[in-house]
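Visitor: Sharing a structure, written as structure tokens. Questions coming.
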Ligand SMILES: Nc1ncnc2c1ncn2[C@@H]1O[C@H](COP(=O)(O)OP(=O)(O)O)[C@@H](O)[C@H]1O
Ligand SMILES: [Mg+2]
């Protein structure tokens, strides 16, 4: 039973400051994950390690070799912090950098070598992926969000649990999390769902929700929950519904 957990960059980093991680949060999350590490793929956001250099080099609009190097190395550093924290918490994981194993076309994942990820899972190792830059057949290069990775991996690995942790209690409408949302009732709430309060070049909550609605269309439901609250990660990994459930339309 494969489970996909995403931890938003808004939890792991200070999204308003370049290269500022939150080591206590990374350590807490690693300990929570260590209570149930089996058959788990971890995806983390890029947070300020990715969004700030990506914005500086205008990577959403322009091709910049230097920008690609700086942004990738920065997110790879955050990934290293996560992998180290998991090791300290007693669970083994390995980085899987999207730049090196997938290809985009017009910003969407077209090919992705999953064999190493599957092999890690078989051998009791948590693959750790992250929002990254990647080569793009149409544009030279583009950004691949952690949220897009979740949708792709959940489909490819037929995940049974898909839990997306962010710094809010779910999809908020008038300050409260919706218990559930589907493509059918999206128009009712669409105006309330926006980008990120921090720097996020991949669309904040709106981008996340659109990815997960695509996943729900393929028959795989997910939850968006607050990973900043202790205990929530374990609950989400158990398949409990907390936060907002992204349902398939009936
Ligand atoms: N309706 C909404 N519900 C929840 N969050 C929203 C909503 N509209 C905009 N947001 C923003 O989206 C942010 C979550 O997206 P993002 O910053 O990309 O987080 P992550 O780092 O988890 O990907 C929230 O912190 C909030 O600022
Ligand atoms: Mg985001």
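In the numbering used here, the protein residues as written are 47 to 296.
Glycine is no exception: its CB is placed at the ideal position from the N, C-alpha and C atoms.
1) Could you tell me the alpha carbon to alpha carbon distance between residue 213 and residue 70, rounded to whole angstroms?
2) Which residues does DSSP pair with residue 149 in a beta bridge?
3) Counting along the chain, where does the beta strand (DSSP E) carrying residue 185 start and finish?
4) Per DSSP, residue 243 forms a beta bridge with which residues?
5) On the criterion of 16 or more Cβ atoms from any shown chain inside 10 Å, does residue 61 qualify as buried, or is it exposed?
6) Does the distance from the CB of residue 290 to the CB of residue 216 come in under 8 Å?
7) Quick check: what's the CA-CA separation for residue 151 versus residue 49?
8) I'd like to know if the region 133 to 141 and the region 98 to 106 are in contact, where contact means that at least 3 CB-CB pairs between them fall below 8 Å.
9) For a minimum of 4 consecutive residues, which ranges assigned as the alpha helix (DSSP H) are wholly contained in the region 100 to 152?
10) For residue 80, which residues from the same chain have a beta carbon less than 8 Å from its beta carbon, with the 5 sequence-adjacent residues on both sides left out?
11) On a Cα-Cα basis, can you pick out the residue from 237, 267 and 84 that is closest to residue 171?
12) Less than 8 Å between the beta carbons of residue 294 and residue 265, yes or no?
13) Nearest to residue 236 by alpha carbon, out of 223, 248 and 219?
14) Is it the case that the Cβ atoms of residue 211 and residue 282 are separated by a distance below 8 Å?
15) Report all residues from its chain with a CB closer than 6 Å to the CB of residue 93; omit the five preceding and five following residues, and keep chain order.
16) If you follow the alpha helix (DSSP H) that residue 278 is in, where does it begin and where does it stop?
17) I'd like the list of long-range same chain contacts for residue 198, defined as Cβ closer than 6 Å, with 5 residues on each side in sequence excluded.
Guide: Inspection of the coordinates gives the following:
1) Position 167 of the chain shown, counting from 1, holds the residue named residue 213. Position 24 of the chain shown, counting from 1, holds the residue named residue 70. Distance between the alpha carbons of residue 213 and residue 70 is about 15 Å.
2) Translated into positions along the chain shown, residue 149 becomes position 103. Looking at the DSSP assignment, residue 149 forms a beta bridge with 157.
3) Counted from its first residue, the chain shown places residue 185 at position 139. Taken as a continuous stretch (DSSP letters only), residue 185 belongs to no beta strand (DSSP E), as it is neither H nor E.
4) To locate residue 243, count along the chain shown from 1; it is residue 197. In DSSP, residue 243 forms no bridge with anything.
5) In the chain shown, the residue the question calls residue 61 occupies position 15. Buried is the call here.
6) In the chain shown, the residue the question calls residue 290 occupies position 244. In the chain shown, the residue the question calls residue 216 occupies position 170. In this structure, residue 216 lies closer than 8 Å to residue 290 by Cβ.
7) As a position in the chain shown, residue 151 is number 105, starting the count at 1. As a position in the chain shown, residue 49 is number 3, starting the count at 1. Looking at the two C-alpha atoms, the distance is approximately 26 Å.
8) no
9) 111 to 134 and 144 to 147
10) Start at 1 with the first residue of the chain shown, and residue 80 comes out as number 34. Here the set comprises 132, 135, 136 and 137.
11) As a position in the chain shown, residue 171 is number 125, starting the count at 1. In terms of CA proximity to residue 171, 84 leads the group 237, 267 and 84.
12) The residue you call residue 294 lines up with position 248 of the chain shown. The residue you call residue 265 lines up with position 219 of the chain shown. The answer is yes: Cβ separation under 8 Å.
13) Reading the chain shown from its first residue, position 190 is the one you call residue 236. Looking at the Cα atoms, 219 is the closest of the given residues.
14) In the chain shown, residue 211 corresponds to position 165, counting from 1. In the chain shown, residue 282 corresponds to position 236, counting from 1. Cβ atoms of residue 211 and residue 282: closer than 8 Å.
15) Position 47 of the chain shown holds residue 93. For residue 93, where only same-chain residues beyond five positions count, the Cβ hits under 6 Å are 55, 58, 59 and 61.
16) Stepping through the chain shown from its first residue, residue 278 is reached at position 232. Residue 278 -> alpha helix (DSSP H) spans 278 to 283.
17) Taking the first residue of the chain shown as 1, we reach residue 198 at position 152. Closer than 6 Å at Cβ, skipping near neighbours: 155.
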